[in-house]
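Contents: one structure, followed by commentary.
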Amino acid sequence: MDQSSESFAIKKPDFTPMELVFRYIKYLPWVVLSLVVFFILAYINLRYTPNVYSARGQMIIKSESPYSTGDEKFNSLFLMDQGPNLNNEMVILRSTNLVQRVVRDLGLQTEYTGVGKVRSTLLYKTSPIKLEILKKKDSSAVYFKVILIDNKRYKLEGEEQEKLSGQPFETPQGLFRITIQDMPFIEFDTKEFEVAYYPVDIAAERMIPAINVKQVNEQANILDISFQSTDMQLAADFVNSLMEEYAQLTIEDKNTIAQNTIRFIDDRLDSLKSELSGVENTIQRFQETNQGIALESQSELYVSSMSEMDKKTNEVLVRKKVLEWLRSYLASKENDNNTVPVNLGVEETSIIPLIGAYNDLQVKKSALLKSTTAQNPKVVEMSTSLDKLRQDLVEALNSVERAYDIELGQLQQRYNLIQQKAVSIPGKARQLLNVERQQKIKEELYLLLLSKKEEVAIGAASVLPNSSVLEKATNRGSLVAPIRKSVFMKFLLMGLALPVLIIALIEFLNDKVTIRSDIEKQTGAPIAGEIGRSEDPSPLLVTQQNRSFITEQFRAIRSNMAYLASNAKKPTILVTSSMSGEGKSFISTNVGAAYALAGKKTLILEFDIRKPKVASNLGVSTRKGLSSYLVTNDDPEDLITKVPNVDGLYIFPCGVIPPNPAEMLLFPKMDELFAWAKRNFDVVIIDSAPVGVVSDALTLGKYADATLFIVRQGYTHKKMIEMVEKIYQQNRLPGLSLVINDVKAQPGYGYGYGYGYGYGYGKKGYMGDYFDSTGKSKTSFLKSLFSKDK
Numbered sequence: 012m013d014q015s016s017e018s019f020a021i022k023k024p025d026f027t028p029m030e031l032v033f034r035y036i037k038y039l040p041w042v043v044l045s046l047v048v049f050f051i052l053a054y055i056n057l058r059y060t061p062n063v064y065s066a067r068g069q070m071i072i073k074s075e076s077p078y079s080t081g082d083e084k085f086n087s088l089f090l091m092d093q094g095p096n097l098n099n100e101m102v103i104l105r106s107t108n109l110v111q112r113v114v115r116d117l118g119l120q121t122e123y124t125g126v127g128k129v130r131s132t133l134l135y136k137t138s139p140i141k142l143e144i145l146k147k148k149d150s151s152a153v154y155f156k157v158i159l160i161d162n163k164r165y166k167l168e169g170e171e172q173e174k175l176s177g178q179p180f181e182t183p184q185g186l187f188r189i190t191i192q193d194m195p196f197i198e199f200d201t202k203e204f205e206v207a208y209y210p211v212d213i214a215a216e217r218m219i220p221a222i223n224v225k226q227v228n229e230q231a232n233i234l235d236i237s238f239q240s241t242d243m244q245l246a247a248d249f250v251n252s253l254m255e256e257y258a259q260l261t262i263e264d265k266n267t268i269a270q271n272t273i274r275f276i277d278d279r280l281d282s283l284k285s286e287l288s289g290v291e292n293t294i295q296r297f298q299e300t301n302q303g304i305a306l307e308s309q310s311e312l313y314v315s316s317m318s319e320m321d322k323k324t325n326e327v328l329v330r331k332k333v334l335e336w337l338r339s340y341l342a343s344k345e346n347d348n349n350t351v352p353v354n355l356g357v358e359e360t361s362i363i364p365l366i367g368a369y370n371d372l373q374v375k376k377s378a379l380l381k382s383t384t385a386q387n388p389k390v391v392e393m394s395t396s397l398d399k400l401r402q403d404l405v406e407a408l409n410s411v412e413r414a415y416d417i418e419l420g421q422l423q424q425r426y427n428l429i430q431q432k433a434v435s436i437p438g439k440a441r442q443l444l445n446v447e448r449q450q451k452i453k454e455e456l457y458l459l460l461l462s463k464k465e466e467v468a469i470g471a472a473s474v475l476p477n478s479s480v481l482e483k484a485t486n487r488g489s490l491v492a493p494i495r496k497s498v499f500m501k502f503l504l505m506g507l508a509l510p511v512l513i514i515a516l517i518e519f520l521n522d523k524v525t526i527r528s529d530i531e532k533q534t535g536a537p538i539a540g541e542i543g544r545s546e547d548p549s550p551l552l553v554t555q556q557n558r559s560f561i562t563e564q565f566r567a568i569r570s571n572m573a574y575l576a577s578n579a580k581k582p583t584i585l586v587t588s589s590m591s592g593e594g595k596s597f598i599s600t601n602v603g604a605a606y607a608l609a610g611k612k613t614l615i616l617e618f619d620i621r622k623p624k625v626a627s628n629l630g631v632s633t634r635k636g637l638s639s640y641l642v643t644n645d646d647p648e649d650l651i652t653k654v655p656n657v658d659g660l661y662i663f664p665c666g667v668i669p670p671n672p673a674e675m676l677l678f679p680k681m682d683e684l685f686a687w688a689k690r691n692f693d694v695v696i697i698d699s700a701p702v703g704v705v706s707d708a709l710t711l712g713k714y715a716d717a718t719l720f721i722v723r724q725g726y727t728h729k730k731m732i733e734m735v736e737k738i739y740q741q742n743r744l745p746g747l748s749l750v751i752n753d754v755k756a757q758p759g760y761g762y763g764y765g766y767g768y769g770y771g772y773g774k775k776g777y778m779g780d781y782f783d784s785t786g787k788s789k790t791s792f793l794k795s796l797f798s799k800d801k
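Mapping to this note's numbering: the sequence shown position 428 is 439, numbers consecutive.
The structure is reproduced here in C-alpha cells:
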C-alpha cells in the first residue's frame with residue numbers, strides 16, 4: 012500500500028466502556044419494556060401473596076444432669092455424665108415426634124382458611140366454623156369447602172342441599188360435623204371457607220420446614236427458635252409450645268432413664284441377693300466341715316498337738332533308753348550282787364515291783380554274806396531267787412520295750428496325721444479367702460446399688476428439664492415475606508436479566524456485521540466511508556438537486572478516494588464485495604455520480620457480467636455492451652450511454668450475458684478498452700462481480716488504481732472480513748478500502764466518532780439545516796420495537 016493509503020488508514024480503537032454502551036443502546040427500549048412488565052408482575056405478586064411472619068424465642072440448654080451421683084464410673088455407665096450436644100438438641104427440636112406433640116397441643120391437624128377475593132387467609136383462632144370428626148374410616152386427609160348461608164345453615168361445595176350447624180353428615184371418608192360459631196353473621200369477613208384435616212404425621216411434616224433452630228453463638232448453650240406462618244399468633248404459640256413440649260419431653264426422657272435405672276438396679280439386687288446367699292452357704296459348709304473352728308485356731312491346735320507328740324515321743328525314747336541300760340546292767344556279771352537303780356523315769360507297774368523285790372533280796376543277801384559264807388544254803392537259795400528275779404526283770408524290760416515301740420508307732424501315726432492336717436491349712440485358708448472375697452465384693456456391690464437406687468429415686472422425685480426459656484415468643488412477629496423491596500428488586504433483576512440473556516443469545520448467534528467495530532477489529536484496511544439506509548427507491552441518489560445526508564456521504568467517499576488513489580491523475584476504481592446483494596451496483600452508480608458532479612467525466616464499466624444491475628437500474632438498454640465489444644470490432648464510443656440527469660456520467664453496459672464470462676476478461680481487447688477509457692475519461696468505475704463468489708475482481712485488479720470493497724451492515728458475514736484482511740495483507744487488490752453500506756438509523760453504530768451516522772441522517776437534529784429532510788417522519792416507539800431492522 013502506498014504512503015497516501017497508509018496515512019488515511021484508521022487505527023483500530025481499543026475496547027472502551029463507552030463502546031459497550033453504544034453497541035447495546037439500541038436494545039434499551041426492550042430492556043425498559045421488560046423492566047416495566049416485571050415491575051407490574053412484582054406488584055401483582057405482592058398483591059396476591061399472603062404476608063408471612065416469623066416469631067422468635069430463646070432457651071438455654073443446661074449442662075448438668077439431675078441424676079448425677081458423684082460417681083464418675085456409675086454416671087458413665089448410665090449416660091449421666093455427658094454434657095449437652097447442641098447439634099443433637101437442634102435436630103430434636105425439628106424432629107417429627109416433637110412437632111407432632113405441638114400439633115396435638117395446638118390442634119393444628121385441622122386448618123381453617125377464609126377464601127377472599129384477592130387471597131386466602133389462615134384462620135388460627137378466629138375461624139367462625141369448627142370441624143369435628145365423629146368417625147373416620149381411613150388415615151387420609153379430609154378437605155371441605157364450606158359456604159355459609161347464615162348463622163345456622165351452610166352447604167358444601169358441589170352440593171345443593173343445605174346443612175344445619177352441628178348436624179352430622181357422612182362422606183366416604185367417615186362421619187363429620189361442622190358447627191357455626193355463635194357470632195354475628197355480618198362480622199364474617201367472607202362466607203367461603205376451606206377446612207382441611209391432616210393426620211398428625213402429615214400435619215407435622217407440613218410444619219417442620221417453617222421451623223428454624225440455630226445456636227446464638229459458639230460459646231453459649233443458647234438456641235434461637237423461630238417459626239414462620241401467615242398468622243402471627245400461630246407463629247408465637249407454635250414457638251412457645253415447641254419449647255414447652257421440648258422441656259416436657261426431656262423430663263419424660265429423664266424419668267424414663269430413672270425408671271429404667273431403678274428397674275435395672277432392682278434386677279441386679281435380686282441377682283446379687285441370690286449370689287450372696289450362695290456364697291454365705293459355701294462359707295457355712297466350709298465351717299461345718301472344719302468343726303466350726305477357725306483356721307487360725309486349728310493351726311495353733313495342730314502345732315500344739317505336734318509339740319506334744321514330739322514331747323511324748325521323746326519321753327518314750329528316753330524310757331526306752333533307760334530300759335536298754337537296765338537290761339545291759341542286769342546282764343553284766345559285775346552287777347550280780349548290786350541292786351538295780353530306781354527312780355530312772357521308768358515307772359511301769361510290771362517292772363517297779365520286780366525291781367523292788369530284786370533290790371530287797373539283794374540287800375538281804377548282802378547282809379547275810381556279812382555273817383556267813385556264800386555256800387550257806389540260805390545264801391544259795393537267795394542267789395537262786397535273785398537269778399530268777401533277774402530273768403523275770405529282763406523279760407519284763409523286754410515286754411515294756413515292746414510296749415514302748417508300739418506307743419512310738421502310734422505317736423508317729425498321730426504326728427503324721429496332725430502334720431498332714433497342718434499342711435492343708437494354707438489351701439483351706441486360700442479357698443476360704445476366695446469365698447470371703449466374693450462375699451465382700453457382692454456385699455459392697457449390693458450396698459452400692461442400694462445407695463444408688465435411693466439417690467436416683469430422690470433425683471427422680473425432683474427432676475427438672477434440661478432447658479429453660481429465656482425469651483418467649485410474642486404475637487408481634489416480624490414480617491419475613493414478602494419483603495417489598497426484595498420482591499421488587501428480584502423482579503427487576505429478572506426483568507433486566509431476561510432481555511440481557513436474549514440480547515446475549517442474539518449477539519452470540521449473530522454472524523453478520525452489525526457495528527463498525529466488527530470491521531475495525533478484524534482488518535486494518537481503511538474505511539473510505541459509510542452509506543446510510545435510504546428510503547428512496549431510486550438507484551441514483553447523487554444529483555445536482557439532491558442535498559440529502561446520503562448524497563454528502565458519497566461526496567465524502569469521493570474526497571477520501573483522492574487520498575487512496577492520489578498517485579493516479581485519472582483514477583480507475585474497482586468496486587467489489589464478498590457476495591451478491593451488498594449494494595455494489597448502487598455504490599458504483601452513486602460514486603460515479605459524485606465524481607461527475609465534481610466536473611469529472613466518469614465512466615461506469617459494468618463488469619458484473621454474470622448478474623449485471625447498473626444499466627437495468629438506470630433504465631439503460633443492455634443489448635450491446637462490454638460482451639459485444641470484446642468479441643466484435645464495435646467502437647466503444649458507440650456502446651457507451653450517458654446517464655440521464657447527471658452531466659458527465661456515462662455507463663458502458665454489460666450487454667448480452669456471455670456463456671464464458673471469466674475467459675472474456677482475459678481477451679486482449681481488455682487492455683485496449685482500459686487504455687481507451689483512460690484517454691477519454693477522468694474517472695473509471697469498474698462494477699465487478701463479488702470477489703467472494705468468483706475471481707473476476709482479482710482479474711480486473713491489475714487495471715485499477717484503487718478498490719472499494721462493499722460491506723453491508725446486517726448482511727455481510729463477519730468471516731468475510733477475514734477474507735478482506737487476507738486480500739489487504741497480500742495486496743491482491745490495489746488500494747483496498749472499505750465502504751459500509753446500508754447503515755441503519757439506530758443508536759449504537761458509530762459510538763460518536765467518525766461522522767456519527769448512527770443518529771438520524773437526513774433529519775433535523777444536531778446537524779441542523781445542512782441537509783434536506785427527505786426521510787420519512789419519525790417511527791412510533793411501538794413500531795420501532797417490532798421493526799425488522801431491529
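We treat Cβ as the ideally placed atom computed from N, Cα and C, and that holds for glycine.
Does the stretch 107-122 touch the stretch 223-231, meaning 3 or more C-beta pairs lie closer than 8 Å?
-> no
Legend entry - residue 365 beta carbon less than 8 Å from that of residue 404: yes
_One question on the structure: do residue 695 and residue 629 come within less than 8 Å of each other, judged by their Cβ atoms?_
no
**Request:** Please name the residue, chosen from 666, 641, 642, that lies closest to residue 625 on a Cα-to-Cα basis.
**Result:** 666
Would you tell me roughly how many angstroms separate the C-alpha atoms of residue 754 and residue 47, rounded to the nearest one?
30 Å
request  = With DSSP as the reference, please indicate the residues paired to residue 697 in a beta bridge.
outcome  = 585, 616
In angstroms, rounded to a whole number, what distance separates the CA positions of residue 481 and residue 148? 44 Å
Quiz item: Between residue 675 and residue 699, which are expected to be in contact by the criterion C-beta below 8 Å, what is the C-beta distance as a whole number of angstroms?
Solution: At roughly 13 Å, the Cβ-Cβ gap does not stay under 8 Å, so residue 675 and residue 699 are not in contact.
task: Classify residue 643 as buried or exposed, calling it buried when 16 or more other Cβ atoms lie within 10 Å of its own Cβ.
output: exposed
Span of the alpha helix (DSSP H), counted from its first residue to its last, around residue 600
595-608
task = Report the three-state DSSP secondary structure of residue 193 (helix, strand or coil).
result = coil
Can you tell me where the beta strand (DSSP E) holding residue 223 begins and where it ends?
222-226
Return the CA-CA distance between residue 582 and residue 688, expressed in angstroms with no decimal places. 11 Å
Helix, strand or coil: which one does DSSP assign to residue 723? strand
Practice problem: Assign residue 632 to one of two classes, buried (16 or more other C-beta atoms within 10 Å of its C-beta) or exposed (fewer than that). | Solution: exposed
Taking the alpha-carbon of residue 503 as reference, which of 408, 42, 599 has the nearest alpha-carbon?
42
Notebook entry, point to check: What residue range is occupied by the uninterrupted alpha helix (DSSP H) comprising residue 685?
Noted result: 680-691
Report task. Please look up how many angstroms separate the CB atoms of residue 399 and residue 390, rounded, as I've assumed it's under 8 Å. Result -> Actually they do not touch by this definition, with Cβ atoms about 15 Å apart.
**Message:** Quick check on the burial criterion: 16 or more other C-beta atoms within 10 angstroms. Buried or exposed for residue 132?
**Reply:** buried
| said: Quick check: the Cα distance between residue 236 and residue 105, rounded to an integer number of angstroms? | reply: 10 Å
- Item | Contact check, residue 729 vs residue 529, beta carbons under 8 Å | yes
(Q) Between the alpha carbons of residue 659 and residue 522, how many angstroms are there, rounded? (A) 41 Å
Q.
Quick check on residue 102: buried or exposed, where buried means 16 or more other Cβ atoms within 10 Å of its Cβ?
A. exposed
Task: Per-residue burial, residue 8 [other beta carbons within 10 Å of its own, 16 or more giving buried] - done: Only positions 12 to 801 of the chain appear in the structure, and residue 8 is not among them; the question remains open.
Exercise for review: Note the first and the last residue of the continuous alpha helix (DSSP H) segment covering residue 508.
Suggested key: 495-520
Taking 8 Å as the threshold (C-beta atoms), are residue 565 and residue 605 in contact? yes
* **Proximal residues to residue 607 (C-beta, below 6 Å), its chain only, five neighbours per side dropped** => 613, 657, 659, 660
Quick one: is residue 777 buried, meaning 16 or more other Cβ sit within 10 Å of its Cβ, or exposed? Caution is warranted here: a pLDDT of 40 is assigned to residue 777, below 50, making its placement in the model unreliable, and the coordinate value is therefore given only provisionally. Exposed, because fewer than 16 other Cβ atoms sit within 10 Å of the Cβ of residue 777.
Query raised in the report: Roughly how many whole angstroms lie between the Cα atoms of residue 65 and residue 484?
Result: 10 Å
Worksheet entry | Enclosing beta strand (DSSP E) for residue 166 [first to last residue] | 164-167
(request) In angstroms with no decimal places, state the Cα-to-Cα distance between residue 187 and residue 249. (result) 27 Å
>> Please give me, in chain order, every unbroken run of the beta strand (DSSP E) with length at least 3 that falls completely inside the stretch 108-161.
In response: 121-125, 132-134, 140-147, 153-159
Exercise. According to the neighbour-count rule (16 or more other Cβ atoms, all chains shown, within 10 Å of its Cβ), is residue 595 buried or exposed?
Worked result: buried
| If you draw a straight line from the alpha carbon of residue 551 to that of residue 584, how long is it in whole angstroms? | 18 Å
Practice item. Could you have a look at residue 550 and say whether DSSP puts it in helix, strand or coil? Key: coil
### Task
Identify every residue that forms a DSSP beta bridge with residue 179.
188
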